[in-house]
Amino acid sequence: MRIGILISGRGSNMVALAEAIDAGRVPRAEVAVVVSDRADAPGLGLASARGIETLSVERRGRARAEHDRETIAALRGRGVELVCLAGYMRLLSPEFIAAFRRRILNIHPSLLPAFPGLDAQRQAIGHGVKWTGCTVHFVDETLDGGPIVAQAAVPILDDDTVESLSARILTEEHKLYAAALALVASGEYEIVGRRVLRTTNS
Ligand code: GRF
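To convert, note that position 39 of the sequence shown is 55 in our numbering; the numbers rise steadily by one, no gaps.
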């Protein structure tokens, strides 16, 4: 399965996915391209250093639909079958979601449906919850609301700051995203209503 990874920034989840694939933990998958919507995303250099093709499709000053059309064309041109958003900070247009329906994954730093949108870790601390975590989900037209593939829980400690909590969640994100990608790339799941169910016992 040819994977396209979309980033906007540092790209640590992208590296975690690439490492998992290289280590054979995601059978039948390869990273076809890493695309950023910002030419200065540090993750682009990390992908290049791993020998992965990189591309920047600059978002600045462009309407979402037009920008997305260029990204879709770039992904299709490379035979991408599954899109992984990894810190991609632009909402996708309906056209993009339709072009890769049920073939776009995202990782979000909370236990969805709690705390969708920006600053999920700050929202969790502000709300006073004792547990938060991270979620890998399919992307649909709702904000962080598509079918959930996998989740990991992380406690919020009394002395946590947004930074310390984010760092602890990020460690879990890297493991969770690779495991979720392995499941989706295997094809051994079905989506029943809003639920993503494993279809084998392996
Ligand atoms: C992660 O916390 C991810 O959950 C969120 O954006 C951050 C991206 O970090 N969507 P990185 O670019 O993968 O290091």
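Just so it is clear, CB atoms sit at the ideal spot from N, CA and C, and this is done for glycine as well.
- Secondary structure at VAL200: helix, using DSSP grouped into helix, strand and coil.
- The ligand GRF has a heavy atom closer than 6 Å to the beta-carbon of SER28.
- PRO132 is the residue among GLY93, PRO132, GLU204 whose C-alpha sits nearest the C-alpha of GLY162.
- Taking 6 Å as the cut-off, one finds at least one heavy atom of the ligand GRF near enough to the beta carbon of GLU189.
- For VAL31, the uninterrupted alpha helix (DSSP H) segment begins and ends at 28 to 38.
- Here ARG54 is buried: its Cβ has 16 or more other Cβ atoms, across all protein chains shown, within 10 Å.
- Leaving aside the five residues that flank GLN139 on each side, the residues in its chain whose CB is nearer than 6 Å to its CB run, in chain order, PHE131.
- With contacts defined as CB atoms closer than 7 Å, SER182 and GLN137 qualify as a contacting pair.
- Of VAL50, LEU128, ALA196, GLU86, the smallest CA-CA separation from ALA65 is found for VAL50.
- With a 10 Å radius around the Cβ and a threshold of 16 neighbouring Cβ atoms, ILE123 comes out buried.
- For the pair VAL47 and ALA34, the CB atoms are nearer than the 7 Å cut-off.
- The beta strand (DSSP E) runs of length 3 or more contained entirely in the segment 74 to 115 are, from start to end of the chain, 98 to 101.
- The segment 81 to 90 makes contact with the segment 102 to 117, as at least three CB pairs between them are under 8 Å.
- Within 6 Å of the C-beta of PRO171 there is not a single heavy atom belonging to the ligand GRF.
- Put simply, of THR158, LEU127, HIS143 the residue whose alpha carbon is nearest the alpha carbon of ASP174 is HIS143.
- For ARG54, there is no enclosing alpha helix (DSSP H), as DSSP marks it with neither H nor E.
- Counting along the chain, no alpha helix (DSSP H) covers ALA168; the unbroken beta strand (DSSP E) around it starts and ends at 164 to 171.
- Residue state for GLU69 is assigned as coil, using DSSP reduced to three classes.
- Straight through space, the alpha carbons of ILE164 and ALA39 are spaced by roughly 25 Å.
- At least one heavy atom of the ligand GRF falls within 6 Å of the beta-carbon of PRO125.
- Taking PHE116 as reference, the option from LEU101, GLU97, LEU60 with the minimal CA-CA separation is GLU97.
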